[in-house]
Amino acid sequence: MKIELKGFERLQAAVKSDEEKEPNFYDYQDKLAWVVDRAKHYQEKTGIPYLEIIEKWEENRDYWYMNYYQDANQPLLTDENVCVFDTVDDFKKAVGQDGFYCPKCEGISKKPYECTCEKCDWKSYGLFRTMGKGVYIFIKSTMLGNEIFEPVKFRR
Ligand SMILES: [Zn+2]
Numbered sequence: 193m194k195i196e197l198k199g200f201e202r203l204q205a206a207v208k209s210d211e212e213k214e215p216n217f218y219d220y221q222d223k224l225a226w227v228v229d230r231a232k233h234y235q236e237k238t239g240i241p242y243l244e245i246i247e248k249w250e251e252n253r254d255y256w257y258m259n260y261y262q263d264a265n266q267p268l269l270t271d272e273n274v275c276v277f278d279t280v281d282d283f284k285k286a287v288g289q290d291g292f293y294c295p296k297c298e299g300i301s302k303k304p305y306e307c308t309c310e311k312c313d314w315k316s317y318g319l320f321r322t323m324g325k326g327v328y329i330f331i332k333s334t335m336l337g338n339e340i341f342e343p344v345k346f347r348r
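When you read off a place in the sequence shown, starting at 1, and then add 192, the result is the number in the working numbering.
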């Protein structure tokens with residue numbers, strides 16, 4: 193079955209509609225160009241066609257594209273705190289059973305997104321995320337990227 197790529201069209205339509213409603217209010221075209229540039233960077237680093245990358249981003253986008261598309265959500269895969277894995281299994285193997293450092297209480301959490309330490313409920317997807325102490329994981333097989341607490345195994 194041929195995969196239909198509607199994500200980019202959906203994004204273009206959203207940009208067009210905003211431009212008509214509030215012309216010159218935001219740099220809509222700059223944002224669109226940024227998305228394409230960033231998706232092409234992902235293609236270069238992962239071998240996944242950039243339109244499929246945008247498709248996935250659009251599938252997961254549940255708020256305005258002007259806020260959704262930014263370095264914090266789609267970082268360069270060459271950034272220091274970004275790790276790319278082929279599969280979820282590869283990621284799990286790399287992380288092992290050692291847990292993750294919570295950026296808030298600095299304890300070792302059993303979960304990568306929600307601290308499991310006593311009296312701490314910090315979440316990597318909350319307003320302050322991992323306060324710059326986490327890592328961004330991109331899984332090629334699912335085409336999904338997420339910011340998580342730093343795996344204990346990753347720290348030397
Ligand atoms: Zn904690």
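For each residue, glycine too, the CB sits at the ideal point set by N, CA and C.
Through-space distance from residue j to residue i, alpha-carbon basis
i    : j    : result
Q262 : T322 : 16 Å
R347 : P295 : 13 Å
N252 : E310 : 32 Å
V397 : L203 : Because the chain spans 193 through 348 in this model, residue 397 falls outside it and cannot be assessed.
E247 : V274 : 21 Å
M335 : L269 : 12 Å
D290 : N216 : 51 Å
E212 : S301 : 48 Å
V227 : S333 : 21 Å
D271 : D210 : 32 Å
A205 : F277 : 32 Å
G299 : E339 : 18 Å
Secondary structure of residue i, DSSP reduced to three states
i    : result
F341 : coil
Y255 : coil
F163 : The structure shown does not extend to residue 163, since the chain is modelled only from 193 through 348, so no value can be given for it.
S316 : coil
Reference residue i; option with closest CA among the options
i    : options                   : result
P304 : V287, D278 and P241       : V287
L224 : I240, N259 and Q235       : N259
I331 : K315, K284 and K345       : K284
Y220 : D229, R230, K208 and V228 : K208
N265 : D222, L319, K345 and D278 : L319
K198 : G324, Y242 and K237       : Y242
Cutoff 7 Å; reference residue i; Cβ partners in own chain excluding five residues on either side
i    : result
Y317 : Y305
Residues near residue i in its chain [Cβ-Cβ closer than 6 Å; skip 5 each side]
i    : result
W249 : none
W314 : C294, K296 and C307
Contact with chain C by residue i, beta-carbon distance below 7 Å
i    : result
N216 : Absent from the structure is chain C; it holds one protein chain and no more.
Residues surrounding ligand 2 [beta-carbon distance to nearest heavy atom under 7 Å]: Among the ligands in the structure shown, ligand 2 does not appear; only ligand 1 can be found there.
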